[in-house]
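A.B. asks: Everything in the sequence shown is counted per the numbering used here, starting at 621 for the first residue and increasing by one.
For glycine and all other residues, C-beta sits at the position ideal for the given N, C-alpha and C.
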Amino acid sequence: MDGESKSRKLKEAERLRTKATFPFSLFSSPDYDASAEIFMEVGNMEEDISGKVGYYEEAARTYEMGDGEYGRYQASQVYERIAQMCEDEYPEKSIAAYKRSGMYSKQCGRESLAAISFQKASEMLRKQGDLDGCLECLQKVAECYCGSNWKHHKRKAMRDIADVYIDLGRYGLAAKIFLGFKENIYTFCAFLCHTIEGSPLDLDVSGDEKEVCDALERDFNEAHKTIEEYITTHAMISEVRKLLGIVKEKLKPENDIL
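1. Exposed or buried, Gln748, counting other C-beta atoms within 10 Å across all chains shown (16 or more means buried)?
2. So for Leu864, helix, strand or coil by DSSP?
3. Note the first and the last residue of the continuous alpha helix (DSSP H) segment covering Cys754.
4. Among Arg838, Asp687, Ala762, whose alpha-carbon lies nearest the alpha-carbon of Gln739?
5. I'd like to know whether the C-beta atoms of Arg701 and Gln727 end up nearer to each other than 7 angstroms.
6. Between the C-alpha atoms of Asp783 and Ile669, what's the straight-line distance to the nearest angstrom?
7. So Ser737 packs on Gly722, CB below 8 angstroms; how close in whole Å?
8. Okay, do the stretch 655 to 663 and the stretch 675 to 688 touch, 3+ Cβ pairs below 8 angstroms being the bar?
9. If you reduce the DSSP assignment to three classes, tell me which class Thr641 lands in.
10. Within its chain, find whatever has a CB closer than 7 angstroms to the CB of Glu624; leave out the 5 residues flanking it on each side and keep chain order.
11. For Glu657, which three-state DSSP category applies?
12. What does the alpha-carbon distance come out to for the pair Tyr710 and Cys766?
13. Can you give me the C-alpha to C-alpha distance between Thr641 and Arg635, rounded to a whole angstrom?
14. Between Cys813 and Ala795, is the Cβ-Cβ spacing less than 7 angstroms?
15. Do you know how far the Cα of Ser655 is from the Cα of Val860?
16. Restricting to Cα atoms, I'd like to know which of Pro650, Gly671, Ser649, Asp653 is closest to Lys626.
17. Where does Cys728 sit, in a helix, a strand or coil, going by DSSP?
18. With the cut-off set at 7 angstroms, would you say Tyr850 and Glu817 are in Cβ contact?
19. Going along the chain, which unbroken runs of the beta strand (DSSP E) with 3 or more residues stay wholly within the stretch 786 to 873?
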């Protein structure tokens with residue numbers, strides 16, 4: 621596209637989204653959809669990412685100006701495209717775009733699409749070491765999976781949240797999530813969380829996991845031996861592996877938690 625054609629298109633896009641926006645106008649209303657489509661068309665013609673993203677952002681903002689669900693849905697799709705393009709070169713812009721995509725998808729009742737966007741943002745934030753930001757996005761993921769058809773997805777989201785709580789040292793909050801699963805292995809995880817926090821609870825843990833709990837309530841040597849035996853003889857879920865690693869570190873003489 622030559623410069624003159626591009627300029628004409630941009631003027632047309634601007635005209636379409638601003639016409640009749642003044643009070644008491646007797647003329648036709650703005651055509652946000654047509655305007656946004658032109659911005660997308662111009663963006664598609666750009667060769668560099670920065671140029672493309674700039675026009676895509678104009679398209680997204682134009683869709684946002686509309687009142688209907690269609691505009692919000694289109695905005696969510698454009699922001700998702702921006703996010704995907706910016707992941708490597710402009711991660712902060714990518715994260716912000718994933719969040720907006722998720723927000724608009726959720727407003728349109730497309731919770732599964734929203735969850736995917738928030739999940740991507742959480743992964744990027746965690747990679748950057750921003751655990752609080754990661755946690756915020758994961759909580760939005762969990763909110764999206766609120767229906768009975770999404771039980772498995774909601775459970776996965778809650779496990780991810782608990783994992784971040786552990787990394788943040790908020791063991792009590794992680795334990796609360798684990799207890800909500802009402803399964804022996806997760807009750808064991810809750811026990812380990814409270815033990816690490818220095819406030820062990822009398823929880824109903826059974827099987828080989830109970831042996832570890834009992835040992836932790838006695839002395840250092842027995843606890844260390846029992847944990848090592850458990851680690852070498854059990855296929856552990858990631859939460860147990862992580863928590864037992866923390867417990868072992870805490871059991872060192874200089875950090876003794878017993």
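C.D. replies: Well, looking at it:
1. With fewer than 16 other Cβ atoms within 10 Å, it is exposed.
2. Under the three-state reduction of DSSP, Leu864 is assigned to helix.
3. That run of the alpha helix (DSSP H) goes 751 to 764.
4. Looking at the Cα atoms, Ala762 is the closest of the given residues.
5. Against a cut-off of 7 angstroms, the Cβ pair of Gln727 and Arg701 comes out as no contact.
6. When rounded, the distance between both Cα atoms is 35 angstroms.
7. With a beta-carbon spacing of about 4 angstroms, Ser737 and Gly722 fall inside the 8 angstroms limit used to define contacts.
8. Judged by pairs of C-beta atoms under 8 angstroms, the stretch 655 to 663 touches the stretch 675 to 688, as three or more such pairs exist.
9. Unreliable positioning characterises Thr641 in this predicted model, as indicated by a pLDDT of 49, which lies under 50. The coordinate reading is nonetheless provided below. In the displayed model, Thr641 falls within coil according to three-state DSSP, outside both helix and strand.
10. Nothing meets the Cβ criterion.
11. Under the three-state reduction of DSSP output, Glu657 falls in the helix class.
12. Here the alpha carbons of Cys766 and Tyr710 stand approximately 32 angstroms from one another.
13. With a pLDDT of 49 at Thr641, under the threshold of 50, the modelled position of this residue cannot be trusted; read the value that follows with caution. Going from the Cα of Thr641 to the Cα of Arg635 covers about 10 angstroms.
14. Their beta carbons are under 7 angstroms apart, which means Cys813 touches Ala795 by this criterion.
15. Between Val860 and Ser655, the C-alpha separation is close to 54 angstroms.
16. Among Pro650, Gly671, Ser649, Asp653, the Cα nearest to that of Lys626 is on Gly671.
17. In this structure, Cys728 counts as coil in the three-state DSSP scheme.
18. No; because the gap between Cβ atoms is not below 7 angstroms, this pair is not in contact.
19. List check, beta strand (DSSP E) in window: nothing returned.
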